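Trainee:
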Amino acid sequence: MDVGKDLLLKMYRSMQRIRQFETKIRDLFLANELPGFVHLSIGEEASAVGVCAALRDTDRITSTHRGHSHLIAKGGTLRQMMAELYGKRTGYCKGKGGSMHIVDFSLGILGANGIVGGGLPIAAGSALAAVITGRDDVTACFFGDGASNEGTFHESLNLAAVWKLPVVFVCENNLYGEFTPMQDVTSVKDISARAQGYGIPGQIVDGNDVVEVYARTSEAVARARAGEGPTLLECKTYRWEGHVAGEQAFIGSNAYRTEAEINEWKTRCPILRFEKTFVEGKKISRAEIDQIIKETQAELEEAISFARSSPLPNPSEVTDDVFI
Amino acid sequence: MALTNFTQAINQAIAEEMERDPLTFLMGEDVVLGPFGATRGLLQKFGPKRVRNTPISEAGFVGAAVGAAMAGTRPICEVEFASFFYCAFDQVCNQAAKLRYMSGGQARMPITFRALFGALGGAAAQHSETVYAQFLSVPGLKLVVPSGPADMKGLLKTAIRDDNPVIVFEHGGLGRLKEEIPDGDYLVPLGKANIKRPGKNVTLIAIGAMVPKAMKAAEKLAADGIDTEVLDPRTLIPLDEEAILTSVGKTNRVVIADEGHLRGGAAADIAALIAEKGFDLLDGPIRRVTALDVPIPFSPPLEKAAIPDEARIIATVRELMGG
Chain A
110 MDVGKDLLLK
120 MYRSMQRIRQ
130 FETKIRDLFL
140 ANELPGFVHL
150 SIGEEASAVG
160 VCAALRDTDR
170 ITSTHRGHSH
180 LIAKGGTLRQ
190 MMAELYGKRT
200 GYCKGKGGSM
210 HIVDFSLGIL
220 GANGIVGGGL
230 PIAAGSALAA
240 VITGRDDVTA
250 CFFGDGASNE
260 GTFHESLNLA
270 AVWKLPVVFV
280 CENNLYGEFT
290 PMQDVTSVKD
300 ISARAQGYGI
310 PGQIVDGNDV
320 VEVYARTSEA
330 VARARAGEGP
340 TLLECKTYRW
350 EGHVAGEQAF
360 IGSNAYRTEA
370 EINEWKTRCP
380 ILRFEKTFVE
390 GKKISRAEID
400 QIIKETQAEL
410 EEAISFARSS
420 PLPNPSEVTD
430 DVFI
Chain B
5 MALTNFTQAI
15 NQAIAEEMER
25 DPLTFLMGED
35 VVLGPFGATR
45 GLLQKFGPKR
55 VRNTPISEAG
65 FVGAAVGAAM
75 AGTRPICEVE
85 FASFFYCAFD
95 QVCNQAAKLR
105 YMSGGQARMP
115 ITFRALFGAL
125 GGAAAQHSET
135 VYAQFLSVPG
145 LKLVVPSGPA
155 DMKGLLKTAI
165 RDDNPVIVFE
175 HGGLGRLKEE
185 IPDGDYLVPL
195 GKANIKRPGK
205 NVTLIAIGAM
215 VPKAMKAAEK
225 LAADGIDTEV
235 LDPRTLIPLD
245 EEAILTSVGK
255 TNRVVIADEG
265 HLRGGAAADI
275 AALIAEKGFD
285 LLDGPIRRVT
295 ALDVPIPFSP
305 PLEKAAIPDE
315 ARIIATVREL
325 MGG
């Protein structure tokens with residue numbers, strides 16, 4: 110697929126924002142600067158970015174516990190995300206949600222979700238709302254290989270298929286559900302094969318190739334927008350970091366996967382791959398790449414100082430936003 | 005005023021609210037046919053886009069109601085029997101109930117869940133349970149238990165307009181109960197108890213289908229010279245604490261009748277409230293009349309033994325009154 114330079118640069122910037130954000134919060138978390146726990150998407154940037162690049166502003170997404178990448182790719186601001194991770198009142202959810210629950214309705218981000226498979230029926234419902242209101246907005250639903258073993262996967266794909274809902278189901282298959290290899294607990298090698306059971310298209314996508322993800326998602330989005338129903342895309346990818354940042358402290362190193370496997374996947378880094386293709390291919394200059402990296406660093410630094418200097422919530426806010 | 009039964013009241017409330025707001029729609033198991041009558045004819049009025057039969061797939065369609073609500077619509081989501089909520093606990097308790105709060109107030113969650121509950125005569129434990137207690141400890145939900153047609157209509161209409169998730173529990177045994185319902189846009193606020201019968205000797209708090217039983221019991225108790233005040237809280241969340249404490253302050257004695265179980269039930273919750281905030285008002289122990297702590301059995305004599313009835317209410321009140 111021939112993608113214009115503006116879009117390429119936009120997607121590259123988005124991948125850089127994710128990579129830098131995730132790397133930084135890993136370090137901040139390990140330095141005990143962030144409460145709770147964080148699930149990182151380093152290595153999985155291309156699937157989030159390629160999918161969201163194929164969406165309009167009014168399209169919606171649902172995300173997962175490993176959701177920072179999706180939120181950033183859909184346009185989330187680093188400063189409000191960072192402030193939320195710090196538990197500050199200036200964060201996206203005023204400190205009520207944290208890493209796994211960031212929401213920005215103005216950007217069509219219906220939320221990350223702490224429950225594996227939790228976002229699937231919500232995405233079907235979001236797509237249903239588009240039908241009810243007569244809009245042609247599409248909802249992209251991110252979930253992992255682990256969620257494809259949840260009952261909500263079956264129920265949501267069936268519901269979306271019978272009602273021809275405008276939703277694109279995006280399985281980011283990173284090969285592990287928490288600390289368990291997916292092949293040990295999953296009846297099929299390819300999650301996309303399950304689409305057949307719902308009478309909808311299922312497709313394997315190279316999840317580390319942002320242009321490929323963008324192209325396949327664009328087709329699925331067009332299909333959804335035309336009222337032809339859902340598609341299941343399976344982005345094959347890998348998370349470089351553990352299930353949860355800092356896990357080595359309680360499970361040790363290489364407890365469930367080998368260094369060799371991790372290193373092999375690092376050679377397929379979506380960002381390096383992009384640079385190799387488009388800088389060596391002379392479509393984008395090294396200077397443009399360096400400029401984006403530098404600007405993202407500055408944006409991230411600003412986000413961190415914003416988060417650090419923001420006030421914590423007042424304890425009296427504990428009863429805000431819910432009736433008692 | 006028109007004489008209307010409980011089931012017709014549900015139908016009227018949904019029809020009026022769907023007429024009023026085009027973002028309102030109905031989904032659930034067999035809502036097109038409406039096997040018990042509550043949703044019958046709505047497809048013909050509102051069309052297939054807004055009246056949707058779902059698969060028997062509670063997690064899927066209850067979760068879809070959550071997504072549809074967050075994306076700007078106002079779903080009325082029917083779960084055929086309240087015990088089926090167990091199949092969608094995550095969607096109700098982790099998603100619908102929490103997302104407004106967790107998103108710092110960004111999410112609106114205007115969902116009305118409706119479900120049949122209660123002992124129906126031989127439906128056995130998986131279709132007879134009173135499950136609202138299971139939701140009492142989940143902040144973010146409102147719980148409505150109408151006891152008659154007028155309240156059913158007025159409370160359901162209010163629930164549909166609420167921007168929070170509301171579960172309306174419809175007791176299957178009340179379906180044919182008839183009552184005059186005021187004409188026009190009849191709304192009953194959530195959180196306002198109803199004194200069904202004023203009295204000065206004892207407060208009888210009754211929930212849902214226990215209200216008609218309590219009214220009959222009160223008539224018989226009156227013949228013994230016991231003047232019973234029957235209070236129907238109408239909604240468990242929000243709970244009209246003031247009305248309860250005012251009534252207990254007047255009578256100084258209280259019995260709570262509920263078809264739910266004794267342990268951890270709605271009656272326990274109300275009893276704790278009275279003990280904590282109204283201890284000095286009491287001249288005797290708080291008494292509860294509830295279902296036994298057994299799964300609701302199938303065989304009619306067993307079901308009858310498990311479920312509180314008029315006789316048990318009367319016996320409990322008499323005992324409390326020293327008779």
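Quick note, the sequences are listed as chains A and B, same order. Residues in the first sequence are numbered consecutively from 110, following my numbering. Residues in the second sequence are numbered consecutively from 5, following my numbering. Every residue, glycine too, gets a C-beta built ideally from N, C-alpha and C. On a predicted model such as this, the values are computed, not experimentally measured, just so you know.
#1: B:P242 touches chain A at which residues, Cβ-Cβ below 9 Å?
#2: Can you list, in chain order, the residues of its chain with a C-beta nearer than 6 Å to that of A:W349? Leave out the 5 residues immediately preceding and following it.
#3: Look at B:R238 and B:A197 and say whether their C-beta atoms are less than 8 Å apart.
#4: With a threshold of 8 Å between beta carbons, is A:T261 in contact with chain B?
#5: How long is the line joining the alpha carbons of A:I402 and B:A101, rounded to whole angstroms?
#6: Assuming B:V258 is part of the alpha helix (DSSP H), what are its boundary residues?
#7: Under 8 Å between the Cβ atoms of B:G345 and B:Y105?
#8: If you run the structure through DSSP and keep just helix, strand and coil, what is B:F139?
#9: Keeping to the same chain, check which residues put their C-beta closer than 6 Å to that of A:A269; ignore five residues upstream and five downstream.
#10: Give a yes or no on contact between the segment 148-162 of chain B and the segment 179-191 of chain B, applying the rule of three or more CB pairs nearer than 8 Å.
#11: Please report the distance separating the alpha-carbon of B:Q95 from that of B:A75.
#12: Closest to A:Q214 by CA distance: which of A:K197, A:S257, A:S418 and A:D168 is it?
#13: DSSP beta-bridge partners for B:P289?
#14: Who are the Cβ neighbours of A:K119 in its own chain at under 8 Å, not counting the five residues just before and after it?
#15: Would A:Y453 pass as a contact of A:H179 if the rule is Cβ separation under 8 Å?
#16: Just to confirm the assignment: which complete alpha helix (DSSP H) runs, minimum length 4, are found wholly within the segment 372-412 of chain A?
#17: Show which residues of chain B have a CB atom less than 9 Å away from the CB atom of A:D429.
#18: In the structure shown, what three-state DSSP assignment does B:E233 receive?
#19: Over the uninterrupted alpha helix (DSSP H) stretch that includes B:T320, give me the two end residues.
#20: Once the 5 residues before and after B:G268 are set aside, which same chain residues still bring their CB inside 7 Å of it?
#21: Helix, strand or coil: how does DSSP classify B:K161 here?
#22: Since B:A270 contacts B:L140 with CB under 8 Å, what's their CB separation in whole angstroms?
#23: May I have the straight-line CA-CA distance separating B:R44 from B:E82, to the nearest angstrom?
#24: In chain A, what lies closer than 7 Å to B:P186 by C-beta?
#25: For B:P305, does the three-state DSSP call read helix, strand or coil?
#26: Give a yes or no on whether the minimum CB-CB distance between A:Y201 and chain B is below 8 Å.
#27: For A:S172, I'd like the list of residues in its chain whose CB is within less than 6 Å of its CB, leaving aside the five on either flank, ordered along the chain.
#28: Taking 8 Å as the cut-off, decide whether the C-beta atoms of A:A324 and A:M110 are in contact.
#29: Rounded to a whole number of angstroms, what is the C-alpha to C-alpha distance between A:N267 and A:Y307?
#30: Kindly give me the distance between the Cβ atoms of A:S301 and A:L341, rounded to whole angstroms, as I take these residues to be in contact under 8 Å.
#31: Rounded to a whole number of angstroms, what is the C-alpha to C-alpha distance between B:E323 and B:G288?
#32: Is B:V142 near B:C91, with beta carbons less than 8 Å apart?
#33: Under 8 Å, Cβ to Cβ, is there at least one residue of chain A near B:T116?
#34: Hey, does A:S296 have any beta-carbon neighbour from chain B nearer than 8 Å?
#35: Between which two residues does the alpha helix (DSSP H) harbouring A:M110 extend?
#36: Between the C-alpha atoms of B:L114 and B:P79, what's the straight-line distance to the nearest angstrom?
Mentor: Inspection of the coordinates gives the following:
#1: Here residue 242 of chain B refers to the residue found at position 238 of the second sequence. Those are F432 and I433, listed as they occur along chain A.
#2: Residue mapping note: residue 349 of chain A aligns to position 240 of the first sequence, counting from 1. Here the set comprises I151 and G152.
#3: Against the second sequence, residue 238 of chain B aligns to sequence position 234. Against the second sequence, residue 197 of chain B aligns to sequence position 193. Yes, the Cβ-Cβ distance between B:R238 and B:A197 is below 8 Å.
#4: Start at 1 with the first residue of the first sequence, and residue 261 of chain A comes out as number 152. Taking Cβ atoms only, chain B reaches closer than 8 Å to A:T261, which makes this a yes.
#5: Taking the first residue of the first sequence as 1, we reach residue 402 of chain A at position 293. Taking the first residue of the second sequence as 1, we reach residue 101 of chain B at position 97. Going from the Cα of A:I402 to the Cα of B:A101 covers about 41 Å.
#6: Here residue 258 of chain B corresponds to residue number 254 of the second sequence, with the count starting at 1. No alpha helix (DSSP H) holds B:V258; the beta strand (DSSP E) holding it covers V258 to H265.
#7: In the structure as shown, chain B starts at 5 and stops at 327, and residue 345 of chain B therefore has no counterpart that could be examined.
#8: Taking the second sequence and counting its residues from 1, the one referred to as residue 139 of chain B is at position 135. Helix.
#9: Taking the first residue of the first sequence as position 1, residue 269 of chain A is located at position 160. The beta carbon of A:A269 sits closer than 6 Å to those of A233, V276 and P339, all from its chain and outside the five residues before and after it, given in chain order.
#10: Contact check between the segment 148-162 of chain B and the segment 179-191 of chain B: three or more CB pairs, one atom from each, fall below 8 Å, which counts as touching.
#11: Taking the second sequence and counting its residues from 1, the one referred to as residue 95 of chain B is at position 91. Taking the second sequence and counting its residues from 1, the one referred to as residue 75 of chain B is at position 71. Straight-line Cα distance between these residues: approximately 16 Å.
#12: Sequence index remark: in the first sequence, residue 214 of chain A carries index 105 (1-based). The question names Gln, but residue 214 of chain A is Phe in the sequence shown. Among A:K197, A:S257, A:S418 and A:D168, the Cα nearest to that of A:F214 is on A:D168.
#13: As a first step, residue 289 of chain B must be located in the second sequence, where it is residue number 285. DSSP, once it has assigned bridges, lists no residue as partnering B:P289.
#14: In the first sequence, the residue the question calls residue 119 of chain A occupies position 10. The residues are A162.
#15: Because residue 453 of chain A is not part of the residues shown, which for chain A are 110 to 433, the question remains open.
#16: Listed in chain order, they are 379-389.
#17: Mapped onto the first sequence, residue 429 of chain A falls at position 320. Proximity of chain B to A:D429 at the Cβ level (cut-off 9 Å) is accounted for by Y105, G108 and G109, in chain order.
#18: If you number the second sequence from 1, residue 233 of chain B lands on position 229. Strand, per DSSP.
#19: Here residue 320 of chain B refers to the residue found at position 316 when the second sequence is read from its first residue. Its alpha helix (DSSP H) spans residues E314 to L324.
#20: Numbered from its first residue, the second sequence carries residue 268 of chain B at position 264. The beta carbon of B:G268 lies closer than 7 Å to those of A137 in the same chain, with the five residues before and after it left out.
#21: As a first step, residue 161 of chain B must be located in the second sequence, where it is residue number 157. Three-state result, B:K161: helix.
#22: The residue given as residue 270 of chain B occupies position 266 in the second sequence. The residue given as residue 140 of chain B occupies position 136 in the second sequence. At roughly 6 Å, the Cβ-Cβ gap stays under 8 Å, so B:A270 and B:L140 are in contact.
#23: As a working note, residue 44 of chain B is residue 40 in the second sequence. As a working note, residue 82 of chain B is residue 78 in the second sequence. About 13 Å.
#24: For the purposes of this step, residue 186 of chain B is identified with residue 182 of the second sequence, where counting begins at 1. Neighbours of B:P186 in chain A, taken as residues at a C-beta separation under 7 Å, are lacking, since the least C-beta distance is about 27 Å.
#25: What you label residue 305 of chain B is simply residue 301 of the second sequence in a count that begins at 1. In the structure shown, B:P305 sits in a helix (DSSP, three-state: H, G or I).
#26: Position 92 of the first sequence, counted from the first residue, corresponds to residue 201 of chain A. Flagged as an interface residue toward chain B: A:Y201, by a C-beta distance shorter than 8 Å.
#27: For this step, residue 172 of chain A is matched to residue 63 along the first sequence. H179, A221 and F251, listed in sequence order.
#28: Numbered from its first residue, the first sequence carries residue 324 of chain A at position 215. Numbered from its first residue, the first sequence carries residue 110 of chain A at position 1. In this structure, A:M110 lies closer than 8 Å to A:A324 by Cβ.
#29: Looking up residue 267 of chain A in the first sequence gives position 158. Looking up residue 307 of chain A in the first sequence gives position 198. Each residue's Cα considered, the two are about 6 Å apart.
#30: The residue given as residue 301 of chain A occupies position 192 in the first sequence. The residue given as residue 341 of chain A occupies position 232 in the first sequence. About 6 Å; that satisfies the 8 Å criterion.
#31: Counting from one through the second sequence, the residue named residue 323 of chain B turns up at place 319. Counting from one through the second sequence, the residue named residue 288 of chain B turns up at place 284. One C-alpha to the other measures close to 11 Å.
#32: Here residue 142 of chain B is taken as the residue at index 138 of the second sequence, counted from 1. Here residue 91 of chain B is taken as the residue at index 87 of the second sequence, counted from 1. Going by C-beta atoms, B:V142 is not nearer than 8 Å to B:C91.
#33: Sequence index remark: in the second sequence, residue 116 of chain B carries index 112 (1-based). No, because no Cβ of chain A sits closer than 8 Å to the Cβ of B:T116.
#34: One-based indexing of the first sequence puts residue 296 of chain A at position 187. Taking Cβ atoms only, chain B never reaches closer than 8 Å to A:S296, which makes this a no.
#35: As a first step, residue 110 of chain A is located in the first sequence; it is residue number 1 there, counting from the start. Neither: A:M110 is in no alpha helix (DSSP H) and is coded neither H nor E.
#36: Here residue 114 of chain B is taken as the residue at index 110 of the second sequence, counted from 1. Here residue 79 of chain B is taken as the residue at index 75 of the second sequence, counted from 1. According to the sequence as given, residue 114 of chain B is Pro; it is not Leu. Just so you know, the alpha carbons of B:P114 and B:P79 end up roughly 7 Å apart.
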